[in-house]
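Chains as they are written, first to last, in the UniProt record's numbering: chain A, 1 to 255; chain B, 1 to 255.
Everything on this sheet refers to the single structure shown next.
Here it is as structure tokens:
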């Protein structure tokens, strides 16, 4: 399987600290050695850094752990391959355009019968069940909403229904974003927490690193983190219930 | 305007040397300080590194100049903004899916009336004339060839016709690739050269760096480089004629 990482914040925020924790699980403290990727949104634009090599030893991952890219939405993924060989085209997150926006997706799980999913105009490039599932989701959205609807909350309710269906095909923990909203669906395990004032210290579970968020934040900052398993040892992470979803925007819970 | 960089090779080859030369033009020895990007294909997959900051001072560019990512097709771009503000969504290269492949595009020039171009199902995300032109090209291809044709040479002849049309709207030097072929259209200036055995030394124009390709290659290697302006001082770069195109595959000229 894999591990997911997500962030939603009300101001551009870097993810260096969390990435440092996750990276150790990418082939060192965890078995997810089959590639990794991370997508940072900056307004309508986004950029992904991807590597089919283990995250723990990747020079690109090392750079990103020390180079603060500030973003309001981030999706990251470390991979333990099941469907689809270890290759760049099978490395999450995947990004495609819908309604003139970049949509980004990452998946932790394994699906059966995914090749039968109707992906419409969105053809998979690689061989993963995950990219098939993403193309399916976008095709469903494009079919139901030929133009971008005004109320995106409703769109994410529809994505929840689609995720429920995908979940009948196997295990389907997923993160998806349009750069503004961040949607998380829990099939088996997914945790989240929101950091806001008064900020305190946080200590990574996987590495002897501590950060004092008071130094790096202003009192109005709101930052929600999502991870397959908690990344810090001294904060209370909430589990999303099985077959439930959470939607975040600007760091706050929408549903 | 901007500068383009392209590579087509018959074996996975790194581009560190050429990027070192181009990077200096990205805000230091040249005025192209408004962002930069580079896309590396590895099989069907590709990964882009992008930055809205100047290439000459970008830590990501610095990493890539020393970290050899081996690829058979590369497209790079340093930007001097005209249409579209300095922002990630306006940073080349642009990548979209067509026929289950990643297509990547970069443009040097400036177009008028580009907002009238029919982009079909490919909606621009940013505000550049370049991304409009790319979406137009893909929409034309999708309309003419609903399924991927067997003979891609013919497809690129059609892209040449579309590029001729775009060129009537202004200046349109462009590079486009599906990961296998690399197509270059010259509107005003674009140069290329092919390196093959016997390999020799090359010296950058923009930086006091020399490389001996004999050490880094095998006798069967064939590597074609494309650049807006020659990158080396001691090699013979050929200019592509105005309103003409070149198609490369595995480092060799197809037309």
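For glycine and all other residues, C-beta sits at the position ideal for the given N, C-alpha and C.
Leaving aside the five residues before and after residue i along the sequence, list all residues of the same chain whose C-beta is less than 6 Å from its C-beta, in chain order.
i	result
residue 160 of chain B	245
residue 239 of chain B	191
residue 175 of chain A	4, 6, 75, 106, 184
residue 47 of chain A	40
residue 166 of chain A	133, 172
residue 126 of chain B	84, 89, 90
residue 104 of chain B	39, 75, 93, 95, 177
residue 255 of chain A	247
Return no unless some Cβ of chain A is closer than 7 Å to the Cβ of residue i.
i	result
residue 240 of chain B	no
residue 83 of chain B	no
residue 131 of chain B	no
residue 125 of chain B	yes
residue 97 of chain B	yes
residue 150 of chain B	no
residue 246 of chain B	no
residue 79 of chain B	no
residue 88 of chain B	yes
residue 44 of chain B	yes
residue 12 of chain B	no
residue 121 of chain B	yes
Specify, as a first and last residue, the run of the beta strand (DSSP E) that residue i falls within.
i	result
residue 215 of chain A	It is not in any beta strand (DSSP E) - residue 215 of chain A instead sits in the alpha helix (DSSP H) that spans 213-216.
residue 18 of chain B	Taken as a continuous stretch (DSSP letters only), residue 18 of chain B belongs to no beta strand (DSSP E), being part of the alpha helix (DSSP H) at 16-25.
residue 40 of chain A	36-42
residue 160 of chain A	Taken as a continuous stretch (DSSP letters only), residue 160 of chain A belongs to no beta strand (DSSP E), being part of the alpha helix (DSSP H) at 152-167.
residue 51 of chain A	45-51
residue 12 of chain A	3-13
residue 170 of chain B	170-177
residue 224 of chain B	222-227
residue 183 of chain B	181-186
residue 203 of chain A	201-203
What residue range does the alpha helix (DSSP H) around residue i cover?
i	result
residue 249 of chain A	Per DSSP, residue 249 of chain A belongs to no alpha helix (DSSP H); it is in the beta strand (DSSP E), 244-249.
residue 197 of chain B	Segment: none, residue 197 of chain B is in no alpha helix (DSSP H) and carries neither H nor E.
residue 141 of chain B	129-144
residue 59 of chain B	59-66
Could you check whether the Cβ of residue i sits closer than 7 Å to any Cβ belonging to chain B?
i	result
residue 257 of chain A	The structure shown does not extend to residue 257 of chain A, since chain A is modelled only from 1 to 255, so the question has no answer here.
residue 50 of chain A	yes
residue 26 of chain A	no
residue 93 of chain A	no
residue 195 of chain A	no
residue 22 of chain A	no
residue 219 of chain A	no
residue 59 of chain A	yes
residue 63 of chain A	yes
residue 250 of chain A	no
residue 100 of chain A	yes
Output needed for residue i: all residues of its chain with C-beta closer than 7 Å, excluding positions within five of it in sequence on either side, in chain order.
i	result
residue 118 of chain A	136, 139
residue 120 of chain B	139, 142, 143
residue 237 of chain A	191, 192, 193, 230
residue 217 of chain B	199
residue 203 of chain B	210, 232, 233, 234
residue 169 of chain A	111, 112, 113, 114
residue 31 of chain A	80
residue 101 of chain B	44, 178, 179
residue 205 of chain A	21, 230, 231, 232, 233
residue 23 of chain A	55, 56, 61, 65
residue 28 of chain B	56
residue 86 of chain A	34, 35, 52
Apart from the five residues on each side of it in sequence, which residues of its chain come closer than 8 Å, Cβ to Cβ, to residue i?
i	result
residue 152 of chain A	178, 180, 181
residue 149 of chain B	155
residue 81 of chain A	34, 35, 90
residue 67 of chain B	16
residue 144 of chain B	158
residue 213 of chain A	195, 199, 200, 201, 202
residue 242 of chain A	186, 187, 188
residue 10 of chain B	72, 220, 221, 222, 223, 250, 251, 252
residue 123 of chain B	135
How about residue i: is its C-beta nearer than 7 Å to some C-beta of chain E?
i	result
residue 57 of chain B	Considering every chain present, this structure includes no chain E. Its protein chains are A and B.
task: May I ask you to verify whether the stretch 84-102 of chain A touches the stretch 54-67 of chain A, counting CB pairs closer than 8 Å and requiring at least 3?
output: They do not touch, by the three-pair rule.
#### Entry: At least three beta-carbon pairs within less than 8 Å, the stretch 94-110 of chain A to the stretch 118-131 of chain A
The stretch 94-110 of chain A makes contact with the stretch 118-131 of chain A, as at least three CB pairs between them are under 8 Å.
| request: Just list the beta strand (DSSP E) runs in the stretch 77-123 of chain B, keeping only unbroken ones of 3 residues or longer that don't cross its boundaries, in chain order. | output: Within the stretch 77-123 of chain B, the runs of beta strand (DSSP E) at least 3 residues long that lie entirely inside it are, in chain order, 94-98, 101-111.
Is there contact here, the stretch 15-31 of chain A with the stretch 64-82 of chain A, by at least three beta-carbon pairs under 8 Å? They touch, by the three-pair rule.
Can at least three beta-carbon pairs, one atom from the stretch 42-55 of chain B and one from the stretch 3-11 of chain A, be found at a separation below 8 Å?
-> Output reads no: the stretch 3-11 of chain A does not touch the stretch 42-55 of chain B.
| said: Any contact between the stretch 246-253 of chain B and the stretch 222-236 of chain B? By contact I mean 3 or more CB pairs, one from each, below 8 Å. | reply: Touching, yes.
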